[in-house]
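Visitor: Dropping a structure here in C-alpha cells format, bear with me for questions.
In the working numbering, the protein residues as written are 16 to 238.
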C-alpha cells in the first residue's frame, strides 16, 4: 500500500512534464487546443463532425481521436478535415500526454488554427491527465440523465467550458434542466454552459465560443 501513491504521483509527474512540452509546441505553432471529455454516447464525434463542417473556410482544423479500438470515429471526422490522427488505447480509459505528443508529430501544427483532442469516452479517467491543451471542455447529454454533473464534480470543477447536448430530446426523456444548471453552477461559476442540439444542427453557442477563444489565444501570443 505504501508504494501505490508514490507510483501514481510519479506517473502524473512524468505526464505533466510531457504535457508542458506539448503546450509549448502548441503555443509555438499558434494553434488553439482543446481536450473534449464526455461519456460514450454523449455525442462527442457527432458534435465534432458538425463543428468541423461549420468551420470549413473559417478556421483550419485538426483532430486527435482517442478510442479503445477501431478507427471509425477518425474515419467519420476525416470527411471534414484531412488532419486526423486516431489513437487506439486498448485497455486504457484515457489519453495521456505522451500519446498526444506522438500523434501531433503526424500533424502540420503550424497549418492549423484549432486542434481538438477527442478523449476516450469516460467522465472520470481523462480528467486527471493534462495533455497540454489550452482548455478542457466537458460534454454531457440529456440522454445520460440530469445527475451527471453532480456525480462527476471533478470534470465540472476543472472544465473551462461545458456543453449540454441533445436538448432536442427534452420533450421525450425525464431531465430537469434547472437542476442540472444548478449542479453545474454550484461547482463552477465561471465556465460557460452551452446547450446545443447536434441533431437539429443548433450548435452556435459552442462554435462562437470556440472561435472566440482561438482568436483570443492568437491575440495574446502576438501581443
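For each residue, glycine too, the CB sits at the ideal point set by N, CA and C.
What span of residues does the alpha helix (DSSP H) with residue 76 cover, start to end?
Guide: It is not in any alpha helix (DSSP H) - residue 76 instead sits in the beta strand (DSSP E) that spans 76-82.
Visitor: Please tell me whether residue 158 and residue 57 are closer than 9 Å, where the distance is taken between their beta carbons.
Guide: Between residue 158 and residue 57, the CB-CB gap stays under 9 Å.
Visitor: Give me the residue from 143, 110, 65 with the minimum Cα distance to residue 94.
Guide: The shortest C-alpha separation from residue 94 is found at 65.
Visitor: What do you reckon, are the CB atoms on residue 46 and residue 125 nearer than 9 Å?
Guide: Closer than 9 Å, so yes.
Visitor: Determine, using beta carbons only, whether residue 92 and residue 99 come nearer to each other than 9 Å.
Guide: yes
Visitor: Going by the beta-carbon positions, is the gap between residue 24 and residue 78 smaller than 9 Å?
Guide: no
Visitor: Leaving aside the five residues before and after residue 145 along the sequence, list all residues of the same chain whose C-beta is less than 6 Å from its C-beta, in chain order.
Guide: 31, 34
Visitor: Please confirm whether residue 81 and residue 135 have their CB atoms less than 9 Å apart.
Guide: yes
Visitor: If I follow the unbroken alpha helix (DSSP H) through residue 198, where does it start and stop?
Guide: 192-202
Visitor: For the beta strand (DSSP E) containing residue 178, list its first residue and its last residue.
Guide: 176-180
Visitor: The beta strand (DSSP E) spanning residue 49 covers which residue range?
Guide: 47-53
Visitor: Can you grab the Cα-Cα spacing for the pair residue 123 / residue 147, in whole Å?
Guide: 17 Å
Visitor: I'd like the list of long-range same chain contacts for residue 84, defined as Cβ closer than 8 Å, with 5 residues on each side in sequence excluded.
Guide: 103, 105
Visitor: Within 10 angstroms of its Cβ, does residue 88 collect 16 or more other Cβ (buried), or is it exposed?
Guide: buried
Visitor: Would you kindly work out how many angstroms separate the C-alpha atoms of residue 4 and residue 222, rounded to a whole number?
Guide: The chain is shown only over 16 to 238; residue 4 falls outside these bounds and no answer can be derived.
Visitor: Within 10 angstroms of its Cβ, does residue 114 collect 16 or more other Cβ (buried), or is it exposed?
Guide: When all chains shown are included, residue 114 counts as buried.
Visitor: Just to check my reading of the structure: residue 226 and residue 86 have Cβ atoms closer than 8 Å, yes? What is that Cβ distance to the nearest angstrom?
Guide: With a contact defined as Cβ atoms closer than 8 Å, residue 226 and residue 86 miss out at about 28 Å.
Visitor: Can you say whether residue 60 is buried or exposed, counting buried as having 16 or more other CB atoms within 10 angstroms of its CB?
Guide: buried
Visitor: When DSSP labels each residue in this structure, what does residue 16 get in the three-state scheme?
Guide: For residue 16, the predicted structure reports a pLDDT of 45, less than 50, and the residue's modelled location is therefore unreliable. A value from the coordinates is still provided. DSSP places residue 16 in coil when its eight states are reduced to three.
Visitor: By DSSP, does residue 63 sit in helix, in strand, or in coil?
Guide: helix
Visitor: Considering residue 150, what are the terminal residues of the alpha helix (DSSP H) in which it resides?
Guide: Per DSSP, residue 150 belongs to no alpha helix (DSSP H); it is in the beta strand (DSSP E), 150-156.
Visitor: Taking residue 218 as the reference, which of 204, 178, 197, 55 has the closest Cα?
Guide: 178
Visitor: Which of helix, strand or coil does DSSP assign to residue 30?
Guide: helix
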